[in-house]
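Undergrad: If you scroll down you'll find the structure; I have some questions about it.
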Amino acid sequence: MPTWMQTFIRAVRLLVMVAWVGGLLFFAFVVAPVAFYKLASAHEAGLVVGGTLRVLHWIGLIGGGLFCIGTVWLWFWAEVPARVGFVIELALACVMLVVTAYSQFSILPRMDRDQTLAGGVIETAPLDNPGRRDFERLHPVSERLEGLVLLCGVGVILVLARESQWPETGKIKTI
6 MPTWMQTFIR
16 AVRLLVMVAW
26 VGGLLFFAFV
36 VAPVAFYKLA
46 SAHEAGLVVG
56 GTLRVLHWIG
66 LIGGGLFCIG
76 TVWLWFWAEV
86 PARVGFVIEL
96 ALACVMLVVT
106 AYSQFSILPR
116 MDRDQTLAGG
126 VIETAPLDNP
136 GRRDFERLHP
146 VSERLEGLVL
156 LCGVGVILVL
166 ARESQWPETG
176 KIKTI
(Lines of atoms letter the chains of each structure in order from A and count residues from 1; the text may use other names and numbers.)
(Lines give C-alpha, C1' and ligand atoms only; values in the text may rest on other atoms or scores of the structure.)
Protein backbone atom coordinates (compact mmCIF):
# COMPACT_ATOMS: atom_id res chain seq x y z
CA MET A 1 0.00 0.00 0.00
CA PRO A 2 1.39 3.44 -0.86
CA THR A 3 2.62 5.45 2.11
CA TRP A 4 0.25 8.35 1.38
CA MET A 5 -2.74 5.98 1.49
CA GLN A 6 -1.60 4.46 4.77
CA THR A 7 -1.13 7.96 6.21
CA PHE A 8 -4.58 9.01 5.01
CA ILE A 9 -6.27 5.93 6.51
CA ARG A 10 -4.45 6.44 9.82
CA ALA A 11 -5.44 10.12 9.90
CA VAL A 12 -9.11 9.34 9.23
CA ARG A 13 -9.09 6.64 11.93
CA LEU A 14 -7.53 9.01 14.43
CA LEU A 15 -9.89 11.86 13.53
CA VAL A 16 -13.09 9.82 13.85
CA MET A 17 -12.05 8.18 17.12
CA VAL A 18 -10.97 11.47 18.69
CA ALA A 19 -14.22 13.10 17.51
CA TRP A 20 -16.28 10.28 19.01
CA VAL A 21 -14.42 10.03 22.32
CA GLY A 22 -13.98 13.79 22.56
CA GLY A 23 -17.69 14.20 21.90
CA LEU A 24 -18.50 11.76 24.70
CA LEU A 25 -16.24 13.65 27.09
CA PHE A 26 -17.71 17.02 26.08
CA PHE A 27 -21.23 15.61 26.40
CA ALA A 28 -20.64 14.10 29.85
CA PHE A 29 -18.64 16.91 31.40
CA VAL A 30 -20.03 20.01 29.66
CA VAL A 31 -23.35 19.61 27.81
CA ALA A 32 -25.30 17.53 30.34
CA PRO A 33 -24.18 19.38 33.50
CA VAL A 34 -24.64 22.83 31.95
CA ALA A 35 -28.06 21.90 30.54
CA PHE A 36 -29.32 20.66 33.89
CA TYR A 37 -27.82 23.63 35.76
CA LYS A 38 -28.76 26.48 33.40
CA LEU A 39 -32.07 25.51 31.82
CA ALA A 40 -35.38 26.28 33.52
CA SER A 41 -36.51 22.69 33.99
CA ALA A 42 -35.22 19.15 33.95
CA HIS A 43 -37.58 18.53 31.04
CA GLU A 44 -35.90 21.23 28.91
CA ALA A 45 -32.46 19.95 29.90
CA GLY A 46 -33.55 16.42 29.01
CA LEU A 47 -34.62 17.58 25.56
CA VAL A 48 -31.21 19.15 24.95
CA VAL A 49 -29.29 16.19 26.39
CA GLY A 50 -31.40 13.61 24.53
CA GLY A 51 -31.10 15.45 21.23
CA THR A 52 -27.37 15.92 21.65
CA LEU A 53 -26.91 12.26 22.55
CA ARG A 54 -28.72 11.14 19.40
CA VAL A 55 -26.42 13.27 17.24
CA LEU A 56 -23.39 12.00 19.13
CA HIS A 57 -24.54 8.43 18.54
CA TRP A 58 -24.70 9.04 14.79
CA ILE A 59 -21.20 10.53 14.88
CA GLY A 60 -20.07 7.37 16.65
CA LEU A 61 -21.92 4.95 14.38
CA ILE A 62 -20.66 6.53 11.16
CA GLY A 63 -17.18 7.33 12.47
CA GLY A 64 -16.88 3.94 14.15
CA GLY A 65 -17.81 2.22 10.90
CA LEU A 66 -15.11 4.18 9.07
CA PHE A 67 -12.64 3.37 11.85
CA CYS A 68 -13.35 -0.36 11.55
CA ILE A 69 -13.06 -0.35 7.76
CA GLY A 70 -9.74 1.49 7.95
CA THR A 71 -8.44 -0.79 10.69
CA VAL A 72 -9.30 -3.93 8.73
CA TRP A 73 -7.61 -2.44 5.65
CA LEU A 74 -4.43 -1.70 7.61
CA TRP A 75 -4.58 -5.15 9.24
CA PHE A 76 -4.46 -6.82 5.82
CA TRP A 77 -1.28 -4.93 4.94
CA ALA A 78 0.47 -5.29 8.30
CA GLU A 79 2.85 -8.04 9.29
CA VAL A 80 1.75 -10.51 11.94
CA PRO A 81 3.21 -8.83 15.09
CA ALA A 82 1.37 -5.57 14.35
CA ARG A 83 -1.92 -7.32 13.67
CA VAL A 84 -2.43 -7.92 17.39
CA GLY A 85 -2.74 -4.19 18.01
CA PHE A 86 -5.17 -3.78 15.13
CA VAL A 87 -7.29 -6.65 16.49
CA ILE A 88 -7.42 -4.99 19.93
CA GLU A 89 -8.48 -1.68 18.36
CA LEU A 90 -11.06 -3.42 16.21
CA ALA A 91 -12.50 -5.40 19.13
CA LEU A 92 -12.85 -2.29 21.30
CA ALA A 93 -14.35 -0.29 18.42
CA CYS A 94 -16.86 -3.07 17.71
CA VAL A 95 -17.94 -3.07 21.37
CA MET A 96 -18.37 0.71 21.08
CA LEU A 97 -20.46 0.32 17.93
CA VAL A 98 -22.70 -2.43 19.32
CA VAL A 99 -23.33 -0.59 22.60
CA THR A 100 -23.98 2.71 20.79
CA ALA A 101 -26.39 1.04 18.37
CA TYR A 102 -28.20 -0.65 21.26
CA SER A 103 -28.53 2.67 23.07
CA GLN A 104 -29.63 4.54 19.93
CA PHE A 105 -32.12 2.00 18.61
CA SER A 106 -33.37 0.32 21.79
CA ILE A 107 -32.79 2.33 24.97
CA LEU A 108 -33.56 5.85 23.70
CA PRO A 109 -36.78 4.87 21.87
CA ARG A 110 -38.02 3.11 25.02
CA MET A 111 -37.20 6.21 27.08
CA ASP A 112 -39.16 8.31 24.56
CA ARG A 113 -42.10 5.90 24.87
CA ASP A 114 -41.89 6.09 28.65
CA GLN A 115 -41.89 9.88 28.54
CA THR A 116 -45.07 9.78 26.45
CA LEU A 117 -46.65 7.28 28.90
CA ALA A 118 -45.73 9.66 31.72
CA GLY A 119 -47.64 12.49 30.08
CA GLY A 120 -44.69 14.09 28.29
CA VAL A 121 -42.80 15.40 31.33
CA ILE A 122 -41.15 12.77 33.51
CA GLU A 123 -40.63 14.90 36.62
CA THR A 124 -44.31 15.87 36.87
CA ALA A 125 -45.64 12.32 36.50
CA PRO A 126 -46.69 10.49 39.67
CA LEU A 127 -43.97 8.29 41.15
CA ASP A 128 -46.07 5.18 40.53
CA ASN A 129 -46.61 5.99 36.83
CA PRO A 130 -45.33 3.00 34.81
CA GLY A 131 -43.71 5.28 32.23
CA ARG A 132 -41.84 7.22 34.88
CA ARG A 133 -40.74 4.06 36.69
CA ASP A 134 -39.40 2.51 33.47
CA PHE A 135 -37.73 5.77 32.42
CA GLU A 136 -35.99 6.00 35.77
CA ARG A 137 -34.89 2.37 35.41
CA LEU A 138 -33.51 2.92 31.89
CA HIS A 139 -31.74 6.23 32.58
CA PRO A 140 -28.89 4.71 34.67
CA VAL A 141 -28.59 1.90 32.11
CA SER A 142 -28.10 4.54 29.42
CA GLU A 143 -25.47 6.31 31.53
CA ARG A 144 -23.56 3.07 32.15
CA LEU A 145 -23.62 2.19 28.47
CA GLU A 146 -22.20 5.60 27.55
CA GLY A 147 -19.53 5.09 30.20
CA LEU A 148 -18.62 1.73 28.68
CA VAL A 149 -18.33 3.31 25.23
CA LEU A 150 -16.12 6.05 26.66
CA LEU A 151 -13.91 3.53 28.47
CA CYS A 152 -13.47 1.43 25.31
CA GLY A 153 -12.76 4.61 23.33
CA VAL A 154 -9.99 5.62 25.71
CA GLY A 155 -8.60 2.10 25.27
CA VAL A 156 -8.63 2.50 21.49
CA ILE A 157 -6.86 5.85 21.74
CA LEU A 158 -4.19 4.35 24.01
CA VAL A 159 -3.53 1.56 21.52
CA LEU A 160 -3.57 4.08 18.65
CA ALA A 161 -0.92 6.10 20.47
CA ARG A 162 1.37 3.05 20.40
CA GLU A 163 0.97 2.34 16.69
CA SER A 164 3.91 4.48 15.68
CA GLN A 165 6.10 2.20 17.78
CA TRP A 166 5.09 -0.87 15.77
CA PRO A 167 7.72 -1.01 13.04
CA GLU A 168 5.85 -3.87 11.40
CA THR A 169 2.89 -1.65 10.48
CA GLY A 170 4.92 0.35 8.00
CA LYS A 171 6.09 -2.64 6.02
CA ILE A 172 4.11 -3.77 3.05
CA LYS A 173 3.37 -7.45 3.22
CA THR A 174 4.37 -9.31 0.08
CA ILE A 175 1.77 -11.69 -1.22
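Numbering (the numbering used here), first residue to last: 6 to 180. Every residue gets a Cβ at the ideal spot worked out from N, C-alpha and C, and that includes glycine.
#1: With a 10 Å radius around its C-beta and 16 neighbouring C-beta atoms as the bar for buried, classify ARG88 as buried or exposed.
#2: VAL161 and LEU61 - do their beta-carbons sit closer together than 8 Å?
#3: Are the Cβ atoms of VAL104 and VAL154 separated by less than 8 Å?
#4: With DSSP run on the structure shown, which of helix, strand or coil describes GLY69?
#5: Are GLY158 and MET101 closer than 8 Å when you measure CB to CB?
#6: In whole angstroms, what separates the C-alpha of PRO7 from that of PHE13?
#7: Mapping the DSSP letters down to three states, classify SER46 as helix, strand or coil.
#8: Would DSSP call GLU168 helix, strand or coil?
TA: This is what the structure gives:
#1: Within the sequence shown, residue 88 is the residue found at index 83, counting from 1. Result: buried.
#2: In the sequence shown, the residue the question calls residue 61 occupies position 56. In the sequence shown, the residue the question calls residue 161 occupies position 156. It is not a contact, given that the beta carbons lie outside the stated cut-off.
#3: Along the sequence shown, one-based indexing puts residue 104 at 99. Along the sequence shown, one-based indexing puts residue 154 at 149. Yes; because the gap between Cβ atoms is below 8 Å, this pair is in contact.
#4: In the sequence shown, counting from the first residue as 1, residue 69 sits at position 64. In this structure, GLY69 counts as helix in the three-state DSSP scheme.
#5: Taking the first residue of the sequence shown as 1, we reach residue 158 at position 153. Taking the first residue of the sequence shown as 1, we reach residue 101 at position 96. A contact, by the Cβ cut-off of 8 Å.
#6: Here residue 7 corresponds to residue number 2 of the sequence shown, with the count starting at 1. Here residue 13 corresponds to residue number 8 of the sequence shown, with the count starting at 1. Each residue's Cα considered, the two are about 10 Å apart.
#7: Residue numbering aside, residue 46 sits at position 41 when the sequence shown is read from its first letter. Looking at SER46 - three-state DSSP - the assignment turns out to be coil, as it is neither helix nor strand.
#8: The sequence position of residue 168 within the sequence shown is 163, counting from 1. GLU168: helix per DSSP, three-state reduction.
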